Amino acid sequence: MFEELSHLTRLAIGLLLAIFLPRLMERIRLPGVLGYILAGVILGPCVTGVLTPGGPVLEVWAELGKLLFMFFVGFEIDIDEFKKVRNKAALFGGLTFLFPFAAGYFVGYMLGYSWVASMLIGSIIASHTLLAHPILAKLGLLERESVLIAVGGTIFTDVASMLILAVAVSIFQFGFSWQFLLTELVELAIYVPLVLFGLSKLARRWIVHYGETPEARVCILLVMLAVAAELAQLIQLEGIVGAFLVGLAIKRTLRGKFAVEQLEVLAKALFIPTFFLTTGFLLDFPLLGKTLTTQPQLAIGLLVSLVLGKWLGAFMIGKICNYSKLDVRLIFSITLPQMAATLASAVVGYSTMNAEGERMFDLEFVNGVLVLVVATCVAGPILSKRWGRMIAEEIKQEEAAEKKAEPEPAEAPVPPE
Numbered sequence: 075m076f077e078e079l080s081h082l083t084r085l086a087i088g089l090l091l092a093i094f095l096p097r098l099m100e101r102i103r104l105p106g107v108l109g110y111i112l113a114g115v116i117l118g119p120c121v122t123g124v125l126t127p128g129g130p131v132l133e134v135w136a137e138l139g140k141l142l143f144m145f146f147v148g149f150e151i152d153i154d155e156f157k158k159v160r161n162k163a164a165l166f167g168g169l170t171f172l173f174p175f176a177a178g179y180f181v182g183y184m185l186g187y188s189w190v191a192s193m194l195i196g197s198i199i200a201s202h203t204l205l206a207h208p209i210l211a212k213l214g215l216l217e218r219e220s221v222l223i224a225v226g227g228t229i230f231t232d233v234a235s236m237l238i239l240a241v242a243v244s245i246f247q248f249g250f251s252w253q254f255l256l257t258e259l260v261e262l263a264i265y266v267p268l269v270l271f272g273l274s275k276l277a278r279r280w281i282v283h284y285g286e287t288p289e290a291r292v293c294i295l296l297v298m299l300a301v302a303a304e305l306a307q308l309i310q311l312e313g314i315v316g317a318f319l320v321g322l323a324i325k326r327t328l329r330g331k332f333a334v335e336q337l338e339v340l341a342k343a344l345f346i347p348t349f350f351l352t353t354g355f356l357l358d359f360p361l362l363g364k365t366l367t368t369q370p371q372l373a374i375g376l377l378v379s380l381v382l383g384k385w386l387g388a389f390m391i392g393k394i395c396n397y398s399k400l401d402v403r404l405i406f407s408i409t410l411p412q413m414a415a416t417l418a419s420a421v422v423g424y425s426t427m428n429a430e431g432e433r434m435f436d437l438e439f440v441n442g443v444l445v446l447v448v449a450t451c452v453a454g455p456i457l458s459k460r461w462g463r464m465i466a467e468e469i470k471q472e473e474a475a476e477k478k479a480e481p482e483p484a485e486a487p488v489p490p491e
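Going by the numbering used here, the first residue of the sequence shown is number 75, and it counts up by one from there.
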């Protein structure tokens, strides 16, 4: 039906849905990001087939959108505020990784996967994607301590997840090697300061000398983003880790948004929506239905271990730091969605074969991960918006109460005539 449509017509249809569906979601009190995912479902192969997954242009746009999304997550972090909570963020990163990792390992082992594959399953659900970031930005909660530690914990979970992925693939293919593990740790110790300090200085120098025009600044930032992502992949990390670090580095070097304003418009208009839209392509209803009916224990086990692990991580940091119940719930909802690192690790695990030609994961596991991705990408932003609004309302009420409590200025005495 849609095979004869020109590329420009397909683009126009996609842009129209990207304009109206997020607004429709917001009108019915759902996060706007779900509109992009719904657009992907409608335009994807399971419904209309207007857009075809796997096209080179669409893949590049989606990959760039994923990197830019993580870049702006890092860039929006207030460095001065983050420094105050970096120890708490590191602690939370460990907690929100450890609990889901242990639960995922147990589920994988009980379902008959090898200890190496079970280790990778644990790391897959231990990472998370910050889908709620635009919602929190609109609510003005990005500088709240609970949000800062949740965002900061992302660095730890994604780096740890990608590191375990590299080690697990190596063990499955060639056996365990201390040399490989030590090499990975040394490369990571070199990579992080290289991006945070080396690339940041280079970006500042280039922008000062060559960034007279907005076009030049956009190109410089895209080059930095691509270099950091490629360097991350060279040491077996996902590119989103590099993109996040570049965002932190640029914010650290260039205070203010003048250098990224044009890039932000371009990213939020085209590339980031494409990233979410292609996520909707993954929703294959017949395949998901088959997985749920033939192996319900796989999808349910992954979902339960994820929810339990992430809730325990949020609960523990709440107890340690004395956060309110709403803050604990918000932290949980922020760390719930699974997308970028989760899908990347699952696909790599499915593609990995040992010397006997056996795959680390079967296709049923990949389908179970897709169920997990869809469920958490829908539930996470909805919960973040609900609990974030409640916190924002509490802040407004506290500010109003403080204003009422302030004594009114005394009237100046009238001088006698």
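Glycine residues also receive a C-beta, built at the ideal position from the N, C-alpha and C atoms.
Remember, it's a predicted structure, so these values are computed and weren't measured experimentally.
Which residue's Cα is closest to the Cα of leucine 276: Leu185, Ile294, Ile151?
-> Ile294
For arginine 460, which of helix, strand or coil comes out of DSSP?
-> helix
Methionine 413, DSSP secondary structure in three states | The answer is coil: DSSP assigns methionine 413 none of H, G, I, E or B.
Residue range of the alpha helix (DSSP H) that cysteine 293 falls in?
-> 288–308
Within 10 angstroms of the Cβ of serine 251, are there 16 or more other Cβ atoms? Answer buried if so, exposed if not.
-> Flag for serine 251 reads exposed.
For the 8 Å Cβ check, are there 3 or more pairs between the stretch 191–206 and the stretch 447–467?
-> In the pairwise beta carbon analysis, the stretch 191–206 is classified as touching the stretch 447–467: at least three pairs are separated by under 8 Å.
Note down, in chain order, each residue of its chain lying with its Cβ closer than 7 Å to the Cβ of leucine 319, except the 5 sequence neighbours on either side.
-> Excluding sequence positions up to five before and after leucine 319, its CB lies within less than 7 Å of the CB of Gly148, Val266, Val269, Leu270, Ala302, all in the same chain and listed in chain order.
So the alpha helix (DSSP H) tyrosine 179 belongs to, where does it begin and stop?
-> 160–184
Cβ-Cβ separation, methionine 298 to leucine 273 (assumed contact under 8 Å), whole Å | At roughly 6 Å, the Cβ-Cβ gap stays under 8 Å, so leucine 273 and methionine 298 are in contact.
Taking the alpha helix (DSSP H) that aspartate 401 falls in, what are its first and last residues?
-> Its alpha helix (DSSP H) spans residues 399–408.
Below 9 Å between beta carbons: does that hold for leucine 328 and isoleucine 153?
-> With respect to isoleucine 153, leucine 328 sits apart: the two C-beta atoms are not nearer than 9 Å.
Please report how far the alpha carbon of leucine 215 lies from the alpha carbon of glycine 462, in whole angstroms.
-> 8 Å
In terms of residue numbering, what span does the alpha helix (DSSP H) encompassing phenylalanine 230 cover?
-> From DSSP, the alpha helix (DSSP H) with phenylalanine 230 extends over 219–248.
List the whole-angstrom C-beta distance separating leucine 169 from methionine 390, where the pair is believed to meet the contact cut-off of C-beta under 8 Å.
-> That belief holds up - the Cβ atoms of leucine 169 and methionine 390 are roughly 5 Å apart, short of 8 Å.
Nearest to glycine 383 (by Cα), restricted to the options Leu239, Ile102, His202, Thr367 = His202
Just curious, the alpha helix (DSSP H) that phenylalanine 145 is in, first and last residue?
-> 130–149
Contacts around tyrosine 183, its chain only, beta-carbon distance under 8 Å, and the 5 residues preceding and following it disregarded = Trp189, Ser192
What separation, rounded to the nearest whole angstrom, lies between the Cα atoms of phenylalanine 494 and tyrosine 284?
-> Only positions 75 to 491 of the chain appear in the structure, and residue 494 is not among them; the question remains open.
Short Cβ contact (9 Å threshold) for leucine 222 with valine 159 | yes
At a cut of 8 Å, does the stretch 396–410 reach the stretch 429–437 through at least three beta carbon pairs?
-> Put simply, the stretch 396–410 does not touch the stretch 429–437. Fewer than three CB pairs are less than 8 Å apart.
Enumerate in chain order the residues of its own chain whose CB-to-CB distance from glutamate 258 is below 8 Å, with the five nearest sequence positions on each side excluded.
-> Leu237, Ala240, Val241, Ile309, Gln310
Do you know how far the Cα of alanine 479 is from the Cα of glutamate 473?
-> About 10 Å.
Close Cβ partners of glycine 375 (< 6 Å) along its chain, the five nearest in sequence each way excluded | Val181
Considering only the beta carbon of each residue, do valine 421 and leucine 362 sit closer than 9 Å?
-> no
Spatial neighbours of serine 419 in its chain, beta-carbon cut-off 6 Å, leaving aside the 5 residues before and after = Ile198, Leu239
Taking just the CA atoms, how far does phenylalanine 156 sit from glutamate 496?
-> Missing from the structure shown is residue 496; the chain here goes from 75 to 491 and no further.
Spatial distance of leucine 344 from alanine 211 (CA atoms) = 19 Å
Going straight from the alpha carbon of proline 127 to that of phenylalanine 406, what length do you get?
-> The alpha-carbon atoms of proline 127 and phenylalanine 406 are separated by roughly 32 Å.
Could you tell me if threonine 231 is buried or exposed, where buried requires 16 or more neighbouring beta carbons within 10 angstroms of its beta carbon?
-> buried
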